[in-house]
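With our numbering applied, the sequence shown covers 7 to 683. The C-beta atom is built at its ideal place from N, Cα and C for all residues, glycine as well. In this text the structure is predicted, and so the values were computed from the model without any measurement.
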Amino acid sequence: MSIISSRVRKETVNKAVKKILSGPGNTGKTKTLSEKYQQRARQTGTEKCLVFVKNAAGVSSWEERLNLKIMGPLEIYTFLGFVQQEVSSFWPDLQQEVKSDSGMAEPIFMNVETAHYIMTCFVEKRRNSTGVLDNVGARTPRIAVQLIDNLNQGALNGLSLKEIEQRLFYWAGEDREKKEVFREAFNIMNIFRSFCQRNGVLDYSLGVELFNRCLLQNEDYIRRLTDRYNYLFVDDLEKTVPVAQDLFLKIIGKVRDSFFAFNEEAGFNRFFGGNPERARNKFFPQCQIENKEKQFISSPEARSLAEAISEAVRENSSVPGHEFIKGILESEYRGEMLEKTVYKVITMLEKEEVKPADIAIIMPEVDNIAEFIFRYFLENEGYSLNNLTDSHRLVDVPFTQALITLILLINRDWNQEITFSSLKQTLVLLLDLDPLQSSLLAQKICSANYKFPSPEDINISLDLQEYCHLKKWVQDRRKQKQDLQLLFQSIFQELLIYLSPSSREIKACRRFIDSLEKFNKVVTKFSGADFKKLGSHFINMLQNGTLAAEVLYHSSDRGEEAQGIILATPYKFLFSDIREVKYIFWLDISSQKWQQGLSKELSNPYIFTPNWKGRWDDEIDQYLRHNKLLGYLQNILSRCSSGLYLGDSYLDSRGWEQEGGLYSWLNPRQAGGENND
């Protein structure tokens with residue numbers, strides 16, 4: 007580069023705007039960021055504006071905000087989405103780095119469920135052969151999750167595989183047995199990584215490591231990147247992982263303008279690698295800070311309560327009577343407290359100008375008892391329940407459950423169990439039967455070893471033509487032995503499409519088929535796979551609660567439920583797209599589950615962060631628990647405008663006394679408001 011061009015470049019950088027919009031939740035930061043984006047996009051085109059958001063829902067939200075007459079390509083990404091794009095673009099060079107002999111023109115990116123399946127296979131094999139993990143209480147699938155977490159956390163913090171191993175050993179301290187377990191855990195992680203490298207298959211951790219080690223450290227790549235983009239926009243900077251922050255730091259001085267939104271109170275994202283302290287230390291000194299403090303969605307009273315709770319937790323004191331707490335719902339037994347809560351909600355809906363979606367019930371764990379009580383009483387009064395903790399697993403969607411059931415009916419040589427409830431629901435769907443009819447027919451099919459009885463033997467009032475059609479269809483498919491993906495498609499096209507599926511059910515079926523395709527691409531490279539039973543492995547993976555079951559179904563497809571009373575855990579509420587409610591109920595405030603820690607037997611997100619100094623003890627654990635709880639409570643209150651109700655019981659659902667700290671900090675008996683003892 008010539009001296010003249012260098013000088014021009016330096017002057018351009020010096021004039022660049024570097025601004026952070028800083029403030030608590032719901033103070034208009036994202037709105038302002040979007041407005042600045044649209045101003046720049048109108049001048050230079052959307053293709054010159056690089057945007058990072060926290061998740062896929064954030065991408066959709068940004069796109070919905072746009073009000074541009076002319077738009078080019080939208081460069082709006084999650085960090086992992088951007089990593090996948092860049093690694094794919096530079097794969098011919100990166101392939102040499104991973105020593106892959108796949109010879110493929112582009113890498114295969116594993117989705118979560120496939121990575122979990124492969125890791126589970128490795129864990130099970132080592133567990134059976136060495137016995138080192140016998141003393142670990144977690145089941146094999148949960149161990150696999152923790153090992154994947156270790157790889158992901160390490161990569162997102164910029165650590166190599168060797169550094170991950172070292173930190174695990176530091177965490178073990180002088181405990182020899184724990185070190186032996188960690189050594190075995192690392193061996194399995196290493197086997198998993200070698201499998202990925204050898205076959206050109208990338209899980210999240212390997213993709214991020216390649217991006218960080220091979221692209222982010224390459225000045226030629228950074229120059230190309232800053233030639234592509236003129237502007238950088240980062241929403242939720244405090245939630246970004248260290249490797250993403252490193253990317254922003256590399257380009258912040260080389261693009262024209264950079265804008266960031268930073269939530270001062272968001273300290274609840276550590277599980278996913280978010281590091282607000284590092285973001286503050288790295289970015290605030292070199293940026294102009296614009297404080298956003300006046301456009302609260304929450305009321306001044308809510309902000310005041312958030313500050314009082316923060317002080318109480320840090321001082322281990324209690325909150326004095328506070329006007330934002332509108333009522334206390336207490337009982338000796340938890341079931342009574344839950345019923346009091348639901349009756350209070352119904353009264354508010356009937357007597358006040360409140361819509362169902364204006365009310366959020368938040369508890370540390372939404373168990374089946376709570377979900378049943380709320381749904382039963384609310385639906386009896388004509389109200390719906392928007393349970394955000396209902397993962398809407400793929401196997402729970404009636405159409406996809408019918409897909410699974412029919413596949414298992416056809417492939418009886420897999421020897422996989424068909425549950426009575428799934429068979430019954432499939433018959434209801436396909437033959438339009440009532441629950442009693444479907445139960446009787448399901449019993450006959452089960453007792454006949456999953457063969458459809460002849461019409462004269464069923465003695466049930468139903469459409470015999472439809473029944474015979476289904477019976478013949480299953481018998482024909484048993485003879486054909488179709489490829490599983492083709493079988494999926496034929497089930498949908500020949501049976502399910504005629505039932506007028508909703509858009510949500512069609513999306514679920516598409517995700518099912520897409521997931522199988524990705525699964526097959528990866529698992530066929532796995533030496534331990536039985537190729538004749540890949541379909542069986544896939545179905546088994548879903549039925550056994552592998553991560554896929556929770557991530558394949560998107561929360562944006564909730565439909566009418568989205569207008570109901572909200573039921574959620576703090577985490578689910580804060581990571582939803584719900585921006586404002588009028589009233590919030592915090593229940594089970596004596597439960598210790600409000601302060602659950604981050605560490606597990608084989609995984610601890612904190613030890614992989616730049617903050618860790620090689621020490622882990624109860625003092626650090628308690629400090630992190632308190633900080634996470636404060637982050638939850640402050641951000642929940644930032645979305646509430648009218649009032650808070652507290653609910654508690656002396657005994658939990660098992661009949662045990664509760665002694666969680668949140669009760670003493672809130673001190674509900676002095677909180678003010680109505681008491682519903």
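- Distance from the CA of L490 to the CA of K513, rounded to the nearest whole angstrom, comes to 19 Å.
- Nearest Cα to F85 within the set I76, S67, F58, I413: F58.
- Counted as a single uninterrupted DSSP element, the alpha helix (DSSP H) harbouring D252 occupies residues 248-257.
- Burial of Y210 is indicated by the presence of at least 16 other C-beta atoms within 10 angstroms of its C-beta.
- The stretch 493-535 contains, as complete alpha helix (DSSP H) runs of 4+ residues, the segments 509-529 (chain order).
- For S655, the beta-bridge partners assigned by DSSP are S337.
- According to DSSP, residue pairing for S264 in a beta bridge involves K24, L238.
- For W592, the number of other beta carbons within 10 angstroms of its own is at least 16, and it is reported as buried.
- For the pair of segments examined, the stretch 629-646 was found not to touch the stretch 178-196: the number of CB pairs separated by less than 8 Å stays below three.
- At least 8 Å separates the beta-carbon of L573 from that of I334.
- For N297, the uninterrupted beta strand (DSSP E) segment begins and ends at 294-297.
- When S453, P576, E472, G327 are compared, the shortest CA-CA separation from N673 is found for G327.
- Following the DSSP letters along the chain, one finds L80 in no beta strand (DSSP E), marked with neither H nor E.
- According to the DSSP secondary-structure assignment, N386 is paired through a beta bridge with no residue.
- Listed in chain order, the non-local C-beta contacts of F426 below 7 Å within the same chain comprise A448, C452, local neighbours out to five positions each way being set aside.
- The DSSP-derived three-state label of K332 is strand.
- For I464, there is no enclosing beta strand (DSSP E), as DSSP marks it with neither H nor E.
- For I416, the uninterrupted alpha helix (DSSP H) segment begins and ends at 404-416.
- Assignment of beta-bridge partners to E663 by DSSP yields L657.
- Taken in chain order, the whole beta strand (DSSP E) runs of length 3 or more contained in the stretch 586-652 are 587-592.
- For V118, the enclosing alpha helix (DSSP H) begins and ends at 118-136.
- Of the candidates R631, P248, I424, K260, the residue whose Cα lies closest to the Cα of Y227 is K260.
- Bridge partners of N269 according to DSSP: G29.
- Approximately 25 Å separates the beta-carbon atoms of V348 and I315; this is outside 8 Å, ruling out the contact.
- Counting other Cβ atoms within 10 Å of its Cβ, M77 stays below 16 and is therefore classed as exposed.
- DSSP places F192 within a helical segment (H, G or I) once states are collapsed to three.
- A straight line joining the alpha-carbon of C220 with that of R199 spans about 17 Å.
- Distance from the CA of E296 to the CA of R148, rounded to the nearest whole angstrom, comes to 44 Å.
- DSSP assignment within the stretch 418-455 yields the following whole alpha helix (DSSP H) runs of 4 residues or more, N-terminal first: 426-437, 441-453.
- For A144, the secondary structure class from DSSP, reduced to helix, strand or coil, is coil.
- L174 places its beta carbon less than 8 Å from that of F192.
- C55 is classed as buried because its beta carbon has at least 16 other beta carbons within 10 Å across all chains shown.
- Taking C-beta atoms as the reference points, S28 and F239 fail to come closer than 8 Å.
- Taking Y235 as reference, the option from D242, P362, V151, Y43 with the minimal CA-CA separation is Y43.
- As summarised for the stretch 39-101, the continuous alpha helix (DSSP H) elements at least 4 residues long and confined to that stretch are 62-71, 85-95, given in chain order.
- Per DSSP, N393 lies in no alpha helix (DSSP H); the unbroken beta strand (DSSP E) holding it starts and ends at 391-393.
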